[in-house]
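This report concerns only the one structure given below.
Following this line, the structure appears as structure tokens:
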């Protein structure tokens, strides 16, 4: 929803200018709309990493026979806090690595686009 809002609120004057010069819809998207919304894309990815991991773990809490969610629930049931904390630490490490991967991708994309325009 956030990306759609960003696409809809892209500078209309730039789009009109591109149309005036005969740009196709693909060219308008590729050169105006998408680059103007890269910041929104990467911020959405950063937020949704955590939400997706919460969803996966919650699903594992309910129905799985293996996985981090199962490890956390099982450790809680048998009072083995080392299993619970191991699961939580692995989950935190995975989330941090995924977040850093998105940050790296954002840096590379913004660097590529700034060199492309310069």
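Numbering (the numbering used here), first residue to last: 1 to 118.
All C-beta atoms in this analysis are idealised placements derived from N, C-alpha and C, irrespective of residue type, glycine included.
For this session: Just the C-alpha distance for residue 44 and residue 51, rounded to the nearest angstrom, thanks.
Result: Numbered from 1 along the chain shown, position 44 holds the residue referred to as residue 44. Numbered from 1 along the chain shown, position 51 holds the residue referred to as residue 51. Cα to Cα, residue 44 sits roughly 11 Å from residue 51.
For this session: Assign residue 57 to one of two classes, buried (16 or more other C-beta atoms within 10 Å of its C-beta) or exposed (fewer than that).
Result: To locate residue 57, count along the chain shown from 1; it is residue 57. Residue 57 should be labelled buried.
Exercise. What runs of the alpha helix (DSSP H), each 4 residues or longer, lie entirely inside the stretch 41 to 100?
Worked result: 68 to 77, all fully within the stretch 41 to 100.
Exercise. Who are the Cβ neighbours of residue 33 in its own chain at under 7 Å, not counting the five residues just before and after it?
Worked result: For the purposes of this step, residue 33 is identified with residue 33 of the chain shown, where counting begins at 1. Hits under 7 Å: 7, 10.
Exercise. Between which two residues does the alpha helix (DSSP H) harbouring residue 5 extend?
Worked result: Along the chain shown, one-based indexing puts residue 5 at 5. Segment 2 to 8, the alpha helix (DSSP H) holding residue 5.
Exercise. Is the beta carbon of residue 47 less than 8 Å from the beta carbon of residue 95?
Worked result: Residue 47 sits at position 47 when you count from the first residue of the chain shown. Residue 95 sits at position 95 when you count from the first residue of the chain shown. No, Cβ-Cβ distance for residue 47 and residue 95 is not below 8 Å.
Problem set entry | Nearest residue (CA-CA) to residue 112, options 35, 2, 12, 66 | Here residue 112 is taken as the residue at index 112 of the chain shown, counted from 1. For residue 112, the closest of 35, 2, 12, 66 by C-alpha to C-alpha distance is 35.
Exercise. How many whole angstroms separate the CB atoms of residue 53 and residue 91, which I take to be in contact at a CB cut-off of 8 Å?
Worked result: As a first step, residue 53 is located in the chain shown; it is residue number 53 there, counting from the start. As a first step, residue 91 is located in the chain shown; it is residue number 91 there, counting from the start. Right, the Cβ-Cβ distance comes to about 6 Å (below 8 Å), so this counts as a contact.
Exercise. Would residue 81 pass as a contact of residue 75 if the rule is Cβ separation under 8 Å?
Worked result: Against the chain shown, residue 81 aligns to sequence position 81. Against the chain shown, residue 75 aligns to sequence position 75. Yes, the pair counts as a contact, with Cβ atoms nearer than the cut-off.
Exercise. Are the beta-carbon atoms belonging to residue 38 and residue 109 less than 8 Å from one another?
Worked result: Here residue 38 is taken as the residue at index 38 of the chain shown, counted from 1. Here residue 109 is taken as the residue at index 109 of the chain shown, counted from 1. Yes. Within cutoff.
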